[in-house]
Amino acid sequence: MSALSGKVQTVLGLLDPSQLGRTMTHEHLTMTFECSYCPPGPGQEHLVKIPIEMKNMFWLNQNPYSHNENLLLNQELEAVREELVAYRQAGGGAIVENTTTGISRDVRALQKLAKETGVHIIAGAGYYVDVTHSDETRKMTVEKLTDVIVSEVLRGADGTDICCGVIGEIGTSWPITDSEKKVLQAAAHAQTQLGCPVIIHPGRNSKAPEAVVQILQEAGGDISKTVMSHLDRTILDYGELLEFAKMGSYLEYDLFGTIMLNYPFNLQVDMPSDCQRIQSLAFLVAEGYEDRILVAHDVHTKNRLAKYGGHGYSHILNNIVPKMLTRGFTQNQVDKILIDNPKQWLTFK
Ligand SMILES: CC(=O)NCCS(=O)(=O)O
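For the sequence shown, this note's numbering assigns the number 6 to the initial residue and increments by one for each residue that follows.
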């Protein structure tokens, strides 16, 4: 038992879990994503610096990672603040902000946003994918990495006393690199010490989630308190999905609002529509996994913000929930996905 036991840790301090309300478990409010820049297709090179304005938005929505400025969500704090106010008005209570070391975590900005908007914000500890690991990170032992993660939760992150309330999103590539494996082992060891929630960004291959869970299990991690993110672009086959679900993690569909003809990070993947995402959730509910489902938008580029005609942080509350209700979900099931499951996951053991 620790002081954190039975509580949720937000950037403003400890919170009784009953105060969370509807929670998006995978968002970014401020981050940079230059590590994932994708050169545009042939003949489109002149588009990488076009202004982010209405007449360019179709191209930008289809090619969000091929435009330098679009990757700088950290330039949009005022727009994000306004969107969080709208999120509260739409019935939102909390947001898990998944930005970790490597993609410009800014816990001071998160604390300010939480104070100004009343949204409960939970910050993430740990490291993003290998390409963002510094030489110093690569040289660290699992023990040292564990100490850093534990300290970000217990003492504060980025030289502040603002404490993280989850570990993650811990970034992994496919195949998982040696440095990422050490970080996963450290996340599991830190979780054992702290009894805290963990969230994983899997590599873009259907085998990646299982491989990550195996590493976490071998390192003593608590899979029942671990979220596997981005399943909507990772496991598209329902048979494979069921096999993975049996491993016991939370199952997160967190790309709601993303519409993309060609998914540039894995051209084999047909990015599902929101209707198909809802069908996947219905399938998991029918198979008995309603206690394990989480949802979010994973806003991580500018074009996803309402300021640029995007869906913003309230799309699930405003549009997806009503659609779910017309597709046979009960209000009780919706509340589980938006309130109860996040609460269970975020509460320290
Ligand atoms: C910030 C982040 O990692 N988002 C996920 C993008 S992906 O295309 O689903 O990997």
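Heads up, the beta-carbon is just placed ideally off N, CA and C, and yes, glycines get one too.
Report whether the distance from the Cβ of residue i to the nearest heavy atom of ligand 1 is below 7 Å.
i: Leu260; result: yes
i: Arg238; result: yes
i: His305; result: yes
i: Arg110; result: no
i: His72; result: no
i: Arg209; result: yes
i: His235; result: yes
i: Phe270; result: yes
i: Gln33; result: Position check: residue 33 holds His in this sequence, whereas Gln was assumed. Checking every heavy atom of ligand 1 against the Cβ of His33, one is found closer than 7 Å.
i: Phe38; result: yes
i: His138; result: no
i: His302; result: no
i: His206; result: yes
Take residue i as the anchor and find which of the options has the nearest alpha-carbon.
i: Arg110; options: Lys60, Ile175, Ala84 and Asp227; result: Ile175
i: Leu343; options: His316, Gly314, Leu256 and Val304; result: Leu256
i: Ile205; options: Thr197, Pro214 and Leu199; result: Pro214
i: Ser101; options: Asn337, Val232 and His51; result: Per the sequence shown, the amino acid found at residue 101 is Val instead of Ser. The shortest C-alpha separation from Val101 is found at Val232.
i: Ser178; options: Ile167, Phe270, Gly164 and Ala195; result: Phe270
i: Gly48; options: Val13, Ser71, Gly225 and Leu34; result: Ser71
i: Asn267; options: Asp259, Leu299, Pro277 and Phe261; result: Pro277
i: Leu322; options: Val16, Val339 and Thr106; result: Val339
i: Leu221; options: Ile240, Ala195 and Ser211; result: Ala195
i: Gln349; options: Ser7, Gln14 and Cys168; result: Gln14
Among all the DSSP beta bridges, which residues are the ones paired with residue i?
i: His194; result: Per DSSP, none; premise fails for His194.
i: Tyr255; result: Val232
i: Ala224; result: According to DSSP, which records beta bridges pairwise, Ala224 is partnered with nothing at all.
i: Thr15; result: Gly18
i: Arg110; result: In DSSP, Arg110 forms no bridge with anything.
i: Tyr294; result: Paired residues: none, contrary to the question.
Next on the checklist: For the segment 16 to 29 against the segment 94 to 108, do three or more pairs of beta-carbon atoms, one drawn from each stretch, fall closer than 8 Å, so that the two count as touching?
Outcome noted: yes
Item to check | Any 3 or more C-beta pairs closer than 8 Å across the segment 52 to 72 and the segment 148 to 162 | outcome: no
Checklist entry - Is the segment 29 to 38 touching the segment 296 to 309 in the sense that three or more CB pairs, one from each, lie closer than 8 Å? => result yes
Checklist entry - When the Cβ atoms of the segment 79 to 88 are set against those of the segment 310 to 319, are three or more pairs found closer than 8 Å? => result yes
Next on the checklist: Taking contact to mean 3 or more Cβ pairs, one atom from each stretch, closer than 8 Å, check whether the segment 323 to 337 and the segment 276 to 294 are in contact.
Outcome noted: yes
Next on the checklist: Three or more C-beta pairs under 8 Å: does that hold for the segment 158 to 169 against the segment 182 to 193?
Outcome noted: no
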